[in-house]
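The opening position of the sequence shown corresponds to residue 4 in my numbering, with each subsequent residue numbered one higher. Report on the following structure.
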Amino acid sequence: MGEITTDRAVSAALYEEAKGYFPGGVSSPVRAFRSVDGPPLFMVKGAGPRIHDADGNSYLDFCCSYGPLILGHAHPAIVDSVAKTAANGLSFGAPSRQENELAKLIIENNQFVEKIRFVNSGTEAVMSAIRLARGATGRNKIVKFEGCYHGHVDSMLVKAGSGLVTLGTSTSAGIPEAYVNETIVVPLNDEAAIEKAVVDYKDDIACIVIEPIPANNGLLLQDLSFLKFLRTICDREGILLFFDEVISGFRVGFEGAAGLYGIHPDIVTYGKIIGGGMPVGAYGASAALMSNIAPDGPVYQAGTLSGNPVAMAAGAAQLTECLKPGFYENLEQKTKQFVGTILAHSQEKGYSFRMFSVGSIFWMAFSDLEAIRRSDQIDPQSMDLFKHMYGALLKRGIYLGPSGYEVGFVSHAHSEADLEKAATAFCESLDSVLGHA
Ligand SMILES: *Cc1c(COP(=O)(O)O)cnc(C)c1O
Numbered sequence: 004m005g006e007i008t009t010d011r012a013v014s015a016a017l018y019e020e021a022k023g024y025f026p027g028g029v030s031s032p033v034r035a036f037r038s039v040d041g042p043p044l045f046m047v048k049g050a051g052p053r054i055h056d057a058d059g060n061s062y063l064d065f066c067c068s069y070g071p072l073i074l075g076h077a078h079p080a081i082v083d084s085v086a087k088t089a090a091n092g093l094s095f096g097a098p099s100r101q102e103n104e105l106a107k108l109i110i111e112n113n114q115f116v117e118k119i120r121f122v123n124s125g126t127e128a129v130m131s132a133i134r135l136a137r138g139a140t141g142r143n144k145i146v147k148f149e150g151c152y153h154g155h156v157d158s159m160l161v162k163a164g165s166g167l168v169t170l171g172t173s174t175s176a177g178i179p180e181a182y183v184n185e186t187i188v189v190p191l192n193d194e195a196a197i198e199k200a201v202v203d204y205k206d207d208i209a210c211i212v213i214e215p216i217p218a219n220n221g222l223l224l225q226d227l228s229f230l231k232f233l234r235t236i237c238d239r240e241g242i243l244l245f246f247d248e249v250i251s252g253f254r255v256g257f258e259g260a261a262g263l264y265g266i267h268p269d270i271v272t273y274g275k276i277i278g279g280g281m282p283v284g285a286y287g288a289s290a291a292l293m294s295n296i297a298p299d300g301p302v303y304q305a306g307t308l309s310g311n312p313v314a315m316a317a318g319a320a321q322l323t324e325c326l327k328p329g330f331y332e333n334l335e336q337k338t339k340q341f342v343g344t345i346l347a348h349s350q351e352k353g354y355s356f357r358m359f360s361v362g363s364i365f366w367m368a369f370s371d372l373e374a375i376r377r378s379d380q381i382d383p384q385s386m387d388l389f390k391h392m393y394g395a396l397l398k399r400g401i402y403l404g405p406s407g408y409e410v411g412f413v414s415h416a417h418s419e420a421d422l423e424k425a426a427t428a429f430c431e432s433l434d435s436v437l438g439h440a
């Protein structure tokens with residue numbers, strides 16, 4: 004695969020203009036390309052596995068809008084469904100049939116959710132689920148893991164202090180200390196830290212929240228025994244187990260990580276894939292737990308555009324495709340082949356490079372470690388190598404999220420031929436970054 008020109012003059016001009024309108028020129032921080040070189044690319048079109056920028060370059064897209072696009076861009080079933088639904092009105096502020104349809108698809112095919120509430124983003128889903136956990140248990144504290152992301156909820160924008168089990172220190176200005184004092188931060192994959200937290204804060208912990216497949220700070224795959232241990236200790240201590248499956252839900256299987264690992268969480272949140280590219284989030288649980296939510300119960304939560312018919316139609320169209328036989332097996336098989344090709348090349352050359360994957364999620368690490376399960380095992384220095392890798396991939400027509408902490412996604416739209424081409428581009432890029440010849 005030859006190098007393509009990456010003239011970015013139009014993107015650069017649009018970015019200059021955007022900087023006059025938005026903080027950092029963007030609507031979400033990682034989009035600003037601060038961790039890699041050059042202006043962010045302004046996109047004009049997506050079709051299947053490809054995106055096209057404003058300068059006329061096209062790329063095989065492994066960012067996939069950071070996860071939602073499991074069918075690739077502009078899948079005809081989604082586009083048709085959105086257009087037909089929109090023609091009848093964009094929002095009613097009243098119930099609509101489309102909400103039932105999406106809920107039915109989920110509840111009939113997911114043993115972990117008996118009732119569900121739709122919201123407008125993953126952040127909103129997490130915020131609401133935390134309120135449910137506190138409301139249902141009458142407890143205040145939340146246990147969160149260093150290296151997991153749960154959206155920009157005040158109480159979740161925290162990192163650990165020094166020590167095994169600490170109250171959070173906020174990672175953003177504008178968050179009162181009193182809020183973060185309700186969040187306990189512990190390292191991932193560490194049973195002793197959890198044991199200590201439940202002793203230190205006996206009968207005060209409402210829930211333990213985890214990304215069962217942590218995929219927002221690298222891909223920090225947990226030991227299955229650790230996830231099972233969380234279920235056991237929650238049962239023992241009367242704590243709710245909250246799986247934030249905004250990224251893993253409908254990605255590693257229709258039932259997400261809960262289904263993949265066979266662990267029953269008490270509360271689960273979804274986002275990204277659930278909306279088919281439209282802004283949708285959701286939280287779900289047993290019917291008994293969900294009866295705490297207004298108007299049935301005392302935990303208030305509402306939304307003007309929640310269950311929006313157009314967004315629901317997009318989600319239902321996407322999930323209908325995901326339910327087809329062999330859908331997830333095929334995605335996983337393609338991803339394994341793709342990752343395997345790159346890893347074989349890297350091993351042959353003896354590079355300090357790893358690639359981790361689960362289902363159709365993958366992550367590159369410039370490291371020799373056999374496994375990376377905690378955020379402190381990621382070497383910040385290695386991000387410089389990622390930056391060079393990113394430039395080399397872009398030149399070869401491969402688009403990823405512009406940070407070495409972001410994972411990549413293979414979609415249903417990526418053909419085996421696309422993935423072969425992409426694997427060649429990854430191997431060539433590795434040679435250009437790490438090769439000494
Ligand atoms: C993306 C993500 C969120 C936040 O979702 P938004 O739709 O960006 O608000 C929360 N939790 C996890 C695990 C995520 O991957």
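Note that beta-carbon positions come from the ideal geometry of N, C-alpha and C, so glycine has one too.
- Straight through space, the alpha carbons of ALA317 and VAL85 are spaced by roughly 6 Å.
- A residue is called buried when at least 16 other Cβ atoms come within 10 angstroms of its Cβ; VAL255 meets this threshold and is buried.
- Between GLY407 and the set GLU419, PHE389, HIS415 and GLY400, the nearest pair of CA atoms involves PHE389.
- Burial is judged here by how many other beta carbons sit within 10 angstroms of a residue's own beta carbon; ARG37 has fewer than 16 and is exposed.
- With 16 or more neighbouring CB atoms inside 10 Å of its own CB, TYR18 falls in the buried class.
- At least one heavy atom of ligand 1 sits closer than 7 Å to the Cβ of TYR152.
- A direct Cα-to-Cα measurement between LYS275 and THR126 gives close to 11 Å.
- The beta-carbon distance between LEU223 and PRO215, rounded to whole angstroms, is 11 Å. This is too long to meet the 8 Å contact definition.
- Short note on ILE250: C-beta closer than 7 Å to some heavy atom of ligand 1.
- Taking 8 Å as the cut-off, the beta carbon of ALA35 is found no closer than this to the beta carbon of PHE45.
- For CYS210, the enclosing beta strand (DSSP E) begins and ends at 208 to 213.
- Assignment of GLY280 by DSSP, reduced to helix, strand and coil, places it in the coil class.
- LYS147 and MET159 do touch by the CB rule: their CB atoms are close to 6 Å apart, below 8 Å.
- In the three-state DSSP reduction, GLU111 falls in the helix class (H, G or I).
- At least one heavy atom of ligand 1 lies closer than 7 Å to the C-beta of THR126.
- GLY343 counts as exposed, since fewer than 16 other beta carbons sit within 10 angstroms of its beta carbon.
- Assignment of GLU198 by DSSP, reduced to helix, strand and coil, places it in the helix class.
- A straight-line Cα-Cα distance of about 33 Å links LEU263 and THR172.
- Excluding five sequence positions before and after SER370, the CB atoms of its chain that fall closer than 7 Å to its own CB belong to SER355, ARG357, ASP382 and SER385, given in chain order.
- When rounded, the separation of the alpha-carbon atoms in VAL168 and LYS199 is 7 Å.
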